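For the sequence shown, UniProt numbering assigns the number 1 to the initial residue and increments by one for each residue that follows.
Glycine included, each C-beta is placed from N, C-alpha and C at the ideal position.
Computed from a prediction, not measured in an experiment: that's the story for all the values here.
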Amino acid sequence: MSKSNLKQRKKKLNVGALLVTLGIGAFFLVLIVQYTILMTTQSLNDEDLIAHGEAKYLRVAINEADRGNIVDRNGNVLASDMVTYNAAVITDEAYLDEPLDIDTVSRQLSDIIELDYEEVRETIEYGVENSRFQVEFGTAGRNLTYNEKRALEDANIQGLVLEQDKRRFYPNGDFASNLIGLAEKNSQTNHLVGQMGIEAAFDDYLIGTDGRIDFTQDLWNYVVPNSDTASEAHDGHTVKLTIDSNIQLFLEDSLDEMDEHFEPEAVFATVMDAKTGEILATGQRPSFNPDTREGLDQSWSNVLYQTAFEPGSTFKIFGLAAAIDAGEYDPDDTVRTGSFTVGDTVINDWDPDGWGTLSYNEAMQYSSNALMMTLQDRVGTDEMLEYYHDFGFGQTTNSEFLNEAAGIINWQYELDKKSVSFGQSITVTPIQMMQGATAIFNDGMMKKPYVVKSVTDSDSGEVVYEGQETEVRQVISEEAAAETIKELNTMVDGSTNRNRAFMIDDYTVSGKTGTAQIIDEENGGYLFGDYQYLTSFMGYAPVEDPEIVVYYVLRLPTENQSDAWDYGVSLGFTTVTERTLKYLDANEASDTNFVNVDDVRDFTGLNVENLKSEFSHREEKNVIIGDGTEVVDQYPKSGKLYGFEHFFIVTDGTKTMPDLTGVSKRDMYALAEMLNIDLSMNGEGYVSSQSIEAGTVIDEDTTLEVTLQSDYQN
1 MSKSNLKQRK KKLNVGALLV TLGIGAFFLV LIVQYTILMT TQSLNDEDLI
51 AHGEAKYLRV AINEADRGNI VDRNGNVLAS DMVTYNAAVI TDEAYLDEPL
101 DIDTVSRQLS DIIELDYEEV RETIEYGVEN SRFQVEFGTA GRNLTYNEKR
151 ALEDANIQGL VLEQDKRRFY PNGDFASNLI GLAEKNSQTN HLVGQMGIEA
201 AFDDYLIGTD GRIDFTQDLW NYVVPNSDTA SEAHDGHTVK LTIDSNIQLF
251 LEDSLDEMDE HFEPEAVFAT VMDAKTGEIL ATGQRPSFNP DTREGLDQSW
301 SNVLYQTAFE PGSTFKIFGL AAAIDAGEYD PDDTVRTGSF TVGDTVINDW
351 DPDGWGTLSY NEAMQYSSNA LMMTLQDRVG TDEMLEYYHD FGFGQTTNSE
401 FLNEAAGIIN WQYELDKKSV SFGQSITVTP IQMMQGATAI FNDGMMKKPY
451 VVKSVTDSDS GEVVYEGQET EVRQVISEEA AAETIKELNT MVDGSTNRNR
501 AFMIDDYTVS GKTGTAQIID EENGGYLFGD YQYLTSFMGY APVEDPEIVV
551 YYVLRLPTEN QSDAWDYGVS LGFTTVTERT LKYLDANEAS DTNFVNVDDV
601 RDFTGLNVEN LKSEFSHREE KNVIIGDGTE VVDQYPKSGK LYGFEHFFIV
651 TDGTKTMPDL TGVSKRDMYA LAEMLNIDLS MNGEGYVSSQ SIEAGTVIDE
701 DTTLEVTLQS DYQN
């Protein structure tokens, strides 16, 4: 090799060595830079490495908050959360001690949950054949009660898995359901969310705030000391309604009676405090059971606020009041009844022949359309429309509810204007009718109806929302209101002896009947045929000083139709009104089976032995719970106006389950609330059996199931 070639080769080697050296240097430089960045920022590629490392071992435990309770005005629970259980069976035999005995498991399960043997067996076989880890059993296997859980556990079922869950519990079943509403689990958040009624309208108050515990585990899954941080769960607020469960029960009974007798398309009613606007009870048929969802597909809307309809002659109350206020009504003035001509159209009274020439008062008793159109002409068309607006029609009441209907006043053509005077060509909601009525019974001052009494913070007890008596506007004068009541007082058993079916023994009752044609929504116009009507009554009692207003409506009866024509809604109205007045002890009843308020003393703090003489003369059954010597609680509460069959006393000793045979459904609610135990009731009427034997020690973890029968009072 020549010197020149050797020299050239050596030069190439030096260049190569230099490149290698530079490459190694660059590599270490990058490492140094990356290390410096890592040590300085604790991040790499915009990712926080410390957070990444902590997250790998960070664990979170959620403490789910309870949704707030909905209670009535007396604190009786109408909606609450309830612990339930979901059943599943492991079908992967790798996780079982021995091969799965499908036949035995199927028989054991079908004996306890509401599935037949074949359904259970098919479900389990499907899981085995498709290599599923476990199988569930649909709705039949979910929301199981504590007693069902115990029964499943006691059966020692192979592969059984029971998962604790939570659902919304409505202890009364079908009970003011469309008002209270419904809450269901959101599939994404697994939280209960209000879907309708109070549950939806007050969802922001009812929903709670979950608590959580954040902690760190090491490689061996041990909790790192002092690594946990916790935030408490805050249960949802308690929403107290103006509803009284006793009056609501009276109303539900009357609705059932009307529904059974007439089999109508719909029937609904509301009871309101005439002085304050508080809704004491409201219900409708068809309705639904929020606990089972039965009937929900037929009854989604709340008629009280969301359904507008032509009211018929009950609306004449407001035209009468307007005419009196305007000085255009003298009860002794006369009007020709039978018909009234508007342009080329003749509008008849319900009896086209009329009753001749009558005084205004007599024509009002006969519910003459001709009278109302005459009064509207005397007041003035535009002036009468102002009165209707002042009474709240054609606009919402700005209630607590979503999607409240406003109704419509058709006022374009003269025929429509005249028709409004007798309750056609106008649509109203029941709550508008109730609101308008408050003006008449409160010296002309209209008050806003309301259903929520208060919302209370579950932790502090602070009232965060308070429903209250609200004056809307002065609609008519005090004198006009008094004169309107005077005229209305003659509508039941007045000089014409009409509407006697609405009379009640021991109480004075009055009000206005109504019979309205029903709009044919498919073909336009009105429905034709016998008894194709909406029948109603806006009543109040006692007439001297009205305490309650009851609005009762029946739509399209299919059975006993002539009764609807002859007697209207008196069957339902008289039932709920009489029972409500007796319950409220409205100071007119000559004989009442309900206890006076002074009879219920406060026994708390007294010695139990000293009460025996007090109890000896009481007609109701007295039940002492606990083996202590001092009274710590009682039902009914002191000062309570109540008709009751049982008197419960709780002592400071160990509490044991009493014999509940013959206890009413209403008293069971109160007892469970007082003892702070979970209660499940099946049936209606009085307790015939109980899941926990009398004498068994009970505590706050106790879950009681009772069966009721209507003929079991003893």
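Item                                                                                                                                                                                                      : Value
Tell me whether residue 794 sits in a helix, a strand or coil according to DSSP, three-state version.                                                                                                     : Nothing can be reported for residue 794: it is not among the residues displayed for the chain, which extend from 1 to 714.
With which residues is His-646 paired in a DSSP beta bridge?                                                                                                                                              : Lys-621
With a 10 Å radius around its C-beta and 16 neighbouring C-beta atoms as the bar for buried, classify Ala-694 as buried or exposed.                                                                       : exposed
For His-234, write down the residues that DSSP places opposite it in a beta bridge.                                                                                                                       : Thr-209
Quick check: the stretch 77-86 against the stretch 252-265, are there 3 or more CB pairs under 8 Å?                                                                                                       : no
For the alpha helix (DSSP H) that Thr-120 lies in, which residues bound it at each end?                                                                                                                   : Sequence inspection shows Val at residue 120; the Thr mentioned does not correspond to that position. Note, Val-120: alpha helix (DSSP H), 117-129.
Would you say Lys-655 and Phe-441 are within 8 Å of each other, going by their C-beta atoms?                                                                                                              : no
Roughly how many angstroms lie between the CA atoms of Glu-265 and Pro-658, to the nearest whole one?                                                                                                     : 44 Å
Based on Cα-Cα distance, which residue from Gly-605, Asp-602, Thr-661 lies nearest to Val-623?                                                                                                            : Thr-661
Which same chain residues, not among the five before or five after Leu-679, have their C-beta less than 6 Å away from its C-beta?                                                                         : Ala-672, Leu-704
Say whether the stretch 296-309 touches the stretch 416-430, bearing in mind that this needs 3 or more beta-carbon pairs closer than 8 Å, one atom from each stretch.                                     : yes
Do you know how far the Cα of Lys-418 is from the Cα of Asn-403?                                                                                                                                          : 29 Å
Determine which residues share a DSSP beta bridge with Met-196 and list them.                                                                                                                             : Leu-182
What would DSSP say about Asp-72, mapped onto helix, strand or coil?                                                                                                                                      : coil
Look at Asn-289 and Gly-295 and say whether their C-beta atoms are less than 8 Å apart.                                                                                                                   : yes
With the cut-off set at 8 Å, would you say Ser-231 and Gly-211 are in Cβ contact?                                                                                                                         : yes
Using 8 Å as the cut-off, can you tell me whether the stretch 329-338 makes contact with the stretch 391-410, which would need three or more C-beta pairs spanning the two stretches below that distance? : no
Does DSSP put Leu-375 in a helix, a strand or coil?                                                                                                                                                       : helix
Report the rounded CA-to-CA distance for Gly-197 versus Ser-299, giving the unit in angstroms.                                                                                                            : 12 Å
Using C-beta distances below 7 Å, list every residue in its chain close to Glu-114, excluding the 5 sequence neighbours before and after it, in chain order.                                              : Ala-140
Looking at the structure shown, is Leu-358 part of a helix, part of a strand, or coil, going by DSSP?                                                                                                     : strand
My assumption, with CB atoms under 8 Å, is that Tyr-551 sits in contact with Ser-510. Please give the rounded CB distance.                                                                                : The pair is not a contact, with the Cβ atoms about 14 Å apart (cut-off 8 Å).
Just to confirm the assignment, what range does the beta strand (DSSP E) spanning Asn-560 have?                                                                                                           : Element bounds for Asn-560: n/a, residue is neither H nor E.
Does the beta-carbon distance from Gly-394 to Gly-407 come in below 8 Å?                                                                                                                                  : yes
In angstroms, rounded to a whole number, what distance separates the CA positions of Gly-312 and Glu-328?                                                                                                 : 22 Å
Report the partner residues of Met-445 according to the DSSP bridge assignment.                                                                                                                           : Gln-474
Would Asn-76 and Tyr-669 qualify as a contact pair, given that the criterion is a beta-carbon distance under 8 Å?                                                                                         : yes
What's the C-alpha gap between Asn-566 and Tyr-526?                                                                                                                                                       : According to the sequence displayed, residue 566 carries Asp and not Asn. Rounded to whole angstroms, Asp-566 to Tyr-526 spans 21 Å at the Cα level.
Okay, do the stretch 131-140 and the stretch 91-100 touch, 3+ Cβ pairs below 8 Å being the bar?                                                                                                           : yes
Just to confirm before moving on: does the CB-CB distance between Ile-583 and Asn-246 stay below 8 Å?                                                                                                     : In the sequence as presented, Ile is not what sits at residue 583; that position holds Tyr. Contact: yes.
How many angstroms separate the CA atom of Val-608 from the CA atom of Asp-602?                                                                                                                           : 13 Å
Since Met-503 is in the alpha helix (DSSP H), which residue starts that stretch and which ends it?                                                                                                        : That residue, Met-503, is in no alpha helix (DSSP H); it is neither H nor E in DSSP.
Are the C-beta of Lys-655 and some C-beta of chain B separated by less than 8 Å?                                                                                                                          : Among the chains in the structure shown there is no chain B, since it carries only a single protein chain.
Starting from the C-beta of Asp-520, find all residues in its chain whose C-beta is less than 7 Å away, skip the five residues before and the five after it, and write them out in chain order.           : Tyr-526, Leu-527
May I ask which residues mark the beginning and end of the alpha helix (DSSP H) holding Lys-582?                                                                                                          : 570-584
Quick one: any contact between the stretch 477-487 and the stretch 334-353, if contact means 3 or more CB pairs under 8 Å?                                                                                : no
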